[in-house]
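So the sequence shown is numbered by the working numbering: it starts at 1468 and just counts up by one.
Below is one structure, written out as structure tokens, with a few remarks after it.
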Amino acid sequence: MRIIAVRALRDFWEAPDHQDAEQPLKAWVAEARNATWSTPADVKAHYASASIVANNRVVFNIGGNKYRLVVKFHYNTGIAYIRFIGAHREYDKIDVETI
């Protein structure tokens, strides 16, 4: 998969209070770059705890479920767009289907 906006993840883990997210996010990026997911079921098969939501979005639990990562997939082109990364309290304030 081609990942758009990895910089948003880097900005997140470079923040003083999110440095514990660096290694889990780097691991997710490495796995996603090497993946050939063509359906939401493919993602779910690799990440059983991922939540498949409307509008081709998937919610990943990062860092022992401390953070949430929302990614919008364009399966037909192999592109993953980072839409959100944050703690649960921030995640609760967004509409995951439209972000």
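Built from N, CA and C at the ideal position, the CB exists for glycine as well.
Note that the structure is predicted; figures quoted are calculated from it, not measured.
Distance between beta carbons of residue j and residue i, contact taken as under 8 Å
i        : j        : result
Trp-1480 : Glu-1489 : 4 Å
Ile-1546 : Leu-1492 : Their Cβ separation, rounded to whole angstroms, is 18 Å, which puts Ile-1546 and Leu-1492 out of contact at 8 Å.
Val-1473 : Arg-1524 : Not confirmed; about 18 Å, so no contact.
Three-state secondary structure assigned by DSSP to residue i
i        : result
Lys-1533 : coil
Asn-1501 : helix
Distance, residue j Cα to residue i Cα
i        : j        : result
Ala-1521 : Asp-1484 : 30 Å
Thr-1544 : Ala-1475 : 21 Å
Tyr-1548 : His-1555 : 20 Å
Thr-1506 : His-1513 : 12 Å
Range covered by the beta strand (DSSP E) that runs through residue i
i        : result
Val-1563 : Careful: Val-1563 lies outside any beta strand (DSSP E) and carries neither H nor E.
Ala-1554 : 1546-1554
Bounding residues of the alpha helix (DSSP H) (the contiguous stretch that carries residue i)
i        : result
Asp-1509 : 1507-1513
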